[in-house]
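K.L.:
This is the structure, below, for whatever I ask next.
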Amino acid sequence: MCCNAYSLTATRNESNIELITENIVATPLPDGYWIEAFPFKPGDTPDIIAYGLGFLGKPSAIKLFTNPVNNLGWKVNEIASLDFPVGLTYADLTDNGFNDGKLTSSPRHSLLALLQ
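Under numbering that gives the first Met the number 0, residues 0 to 115 are what the sequence shown spells out, in order.
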């Protein structure tokens, strides 16, 4: 898992330039991973929420990697465990100045029903 990215302002004769710095955050990973930037507070450098699909009988661990810019070094916390996580979004749902994450899970059951 990696990457901090930001865009630089383009000058008159060039296009926007994307600057990416790659950092290894965690290895080994047991399955394919989604990696989402998650700004806990507006204006903060985003942290990372990462998760895989999980396996039959082995749910996926949802992990929050706290950005070292906001903290001292990458810190990892397992924040949830879900059977089949597939999509993450965030917003300040509680109107307290902090973003809340919403992660959907388990469409597999619905998809299997459609195939039968």
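We put the CB at the ideal spot given by N, CA and C, even for glycine.
Is DSSP giving Gly56 helix, strand or coil here?
P.N.:
coil
K.L.:
Verify whether the separation of the beta carbon atoms of Ile23 and Glu35 is less than 8 Å.
P.N.:
For the pair Ile23 and Glu35, the CB atoms are not nearer than the 8 Å cut-off.
K.L.:
Between Phe37, Ala60, Phe83, which has its C-alpha nearest Asn66's C-alpha?
P.N.:
Per the Cα distances, Phe37.
K.L.:
Sort Asn76, Pro84, Gly42, Phe39 by Cα distance to Pro58 and report the nearest one.
P.N.:
Pro84
K.L.:
Compute the beta-carbon to beta-carbon distance between Val75 and Thr44, rounded to the nearest angstrom, for a pair I have assumed lies under 8 Å.
P.N.:
The C-beta distance from Val75 to Thr44 rounds to 16 Å, too long to meet the 8 Å contact threshold.
K.L.:
Flag this pair as yes or no: are the beta carbons of Gly96 and Lys62 separated by less than 8 Å?
P.N.:
no
K.L.:
With Tyr50 and Trp33 assumed to form a contact (beta carbons below 8 Å), what rounded beta-carbon distance in angstroms separates them?
P.N.:
6 Å
K.L.:
Whole angstroms are fine: how far does the CA of Ala60 sit from the CA of Glu77?
P.N.:
6 Å
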